[in-house]
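*Asks:* Handing you this structure, nothing more for now.
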Amino acid sequence: MLQDIKNNPFSTKTWKKSVNSWTIESNEFRQFRDLIIAKSVPWLLEQCDDLLANFATKISYMGPVRATAERYYRTQDLTVDEVDYQGTNLPMFLRNLTHGELKEFRTWTLNNFGFEPLITTSQGLISLEIRPSKDSKESFNVADTGFGFSQILPIITQLWFLSEFTKTSSRIRPPGFRYNSPVIFPIEQPELHLHPRLQGVLAEVFVKSIEAAKERGIDLRLVIETHSEVLINKLGYLVAEKHILPEDINIVLFDKSDQSKEIKVRTSQFDSEGYLSEDWPLGFFDMDLI
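In the numbering used here, the protein residues as written are 7 to 296.
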């Protein structure tokens, strides 16, 4: 800062003569520096506020227990910007998609999971149904299919939307929105009520979604809270098969001490062959299977 003050091309001769003798320890320089900083404080606070607000608008959270599916939902003339943290507004969100977006989402779920969601409307009521395969002529109300679909649909719907449409949809671009900040999607226990095979498929879709988002210039980051051995093992397999780099996965473990109430936080990573590092806590998973 001192050199910038001395070398300012717009300074007068009198000013240059006054500051030429300044050093970093000079009282005159310190007072002048403090005035410059004080003048900049409101602008700096405004920038911080803008960055924090933009960061917060790009966080989508999914809770651990998603809402149980209902047989019918009342039609509501509301704009739904995203799937809420329990998935209670999922039918409304799907209904608000354009025809092209809904068709693309159905194709995406069919290609990745082997089923496709359908939205039907009758007498002011909406039904969310599942067609179990491309060739199936029948569809089933999600309320009749057990908990699995109601738990996974909110997750994969929001995941698809964030990875595919963050840059093109005005619904998630509030005032001050900046593209260069990350899109963060925390998901609690995505494995609940899912068959182990489907848990593995979900891990694959997590990786595919991150890559799809990256191709669109979206910095999608998933924060997953899980107890699923299948999910961890599948991620290790995907690292070994070069579908994702080991440095792109950070594993954070919370380990409660037997002697105290303190929670120890430690980190672990996969190596290039998909094996977990040696500091993995003993007894957390069956290490013979990892």
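We put the CB at the ideal spot given by N, CA and C, even for glycine.
Since we're looking at a predicted model, the values are computed, not measured.
Which stretch, first to last residue, makes up the alpha helix (DSSP H) that contains Asp55?
*Replies:* First-last of the alpha helix (DSSP H) with Asp55: Asn33 to Thr63.
*Asks:* Rounded to a whole number of angstroms, what is the C-alpha to C-alpha distance between Glu110 and Ile193?
*Replies:* Those two C-alpha atoms are separated by around 23 Å.
*Asks:* So what's Pro202 in DSSP terms, helix, strand or just coil?
*Replies:* If DSSP states are grouped into helix, strand and coil, Pro202 belongs with the helices.
*Asks:* With a CB to CB cut of under 7 Å and the five nearest residues on each side skipped, what residues in its chain are close to Ser278?
*Replies:* So the list reads Pro252, once near-sequence residues are dropped.
*Asks:* With a 10 Å radius around its C-beta and 16 neighbouring C-beta atoms as the bar for buried, classify Asp90 as buried or exposed.
*Replies:* The residue is buried, with at least 16 neighbouring Cβ atoms inside 10 Å.
*Asks:* If you count every other CB in all the chains shown that lies within 10 Å of the CB of Thr29, and 16 or more means buried, which is it?
*Replies:* So Thr29 ends up on the exposed side.
*Asks:* Could you spell out where the alpha helix (DSSP H) holding Val103 opens and where it closes?
*Replies:* Inspection of the sequence shows that residue 103 is occupied by Leu rather than by Val. Unbroken run through Leu103: none, as it is neither H nor E.
*Asks:* Please classify Pro180 as buried or exposed, where buried requires at least 16 neighbouring CB atoms within 10 angstroms.
*Replies:* Residue placement at Pro180 is flagged as unreliable, the pLDDT there being 45, under the threshold of 50; the coordinate-derived value follows with that caveat. Exposed.
*Asks:* Quick one: what does DSSP say Arg77 is sitting in, helix, strand or coil?
*Replies:* Three-state result, Arg77: coil.
*Asks:* Return the residue from the list Asp141, Trp21, Lys248 and Gly242 that minimises the CA-CA distance to Gly280.
*Replies:* The shortest C-alpha separation from Gly280 is found at Gly242.
*Asks:* Closest to Lys140 by CA distance: which of Glu122, Ile132 and Gln164 is it?
*Replies:* Cα-wise, what sits closest to Lys140 is Glu122.
*Asks:* So, for Pro15: in the same chain, excluding its five sequence neighbours on each side, which residues have a beta-carbon less than 6 Å away from its beta-carbon?
*Replies:* For Pro15, where only same-chain residues beyond five positions count, there are no Cβ hits under 6 Å.
*Asks:* For the alpha helix (DSSP H) containing Glu235, name the first residue and the last one.
*Replies:* Note, Glu235: alpha helix (DSSP H), Glu235 to Ala246.
*Asks:* Give a yes or no on whether the C-beta atoms belonging to Ser145 and Glu197 are separated by under 9 Å.
*Replies:* In this structure, Glu197 does not lie closer than 9 Å to Ser145 by Cβ.
*Asks:* By alpha-carbon positions, which one of Arg77, Leu84, Gly106 and Lys214 ends up nearest to Thr151?
*Replies:* Comparing Cα-Cα distances from Thr151 to each of Arg77, Leu84, Gly106 and Lys214, the minimum goes to Arg77.
*Asks:* Below 8 Å, is the gap between the Cβ of Pro123 and the nearest heavy atom of the ligand NAD?
*Replies:* With respect to the ligand NAD, the structure shown offers nothing to examine, as it has no ligands at all.
*Asks:* List the residues that DSSP assigns as beta-bridge partners of Lys270.
*Replies:* In DSSP, Lys270 forms a bridge with Asp261.
*Asks:* Less than 9 Å between the beta carbons of His249 and Val207, yes or no?
*Replies:* Going by C-beta atoms, His249 is not nearer than 9 Å to Val207.
*Asks:* Excluding the 5 residues preceding and the 5 following Arg39 in the sequence, name in chain order all residues of the same chain whose CB lies nearer than 7 Å to its CB.
*Replies:* Closer than 7 Å at Cβ, skipping near neighbours: Met7.
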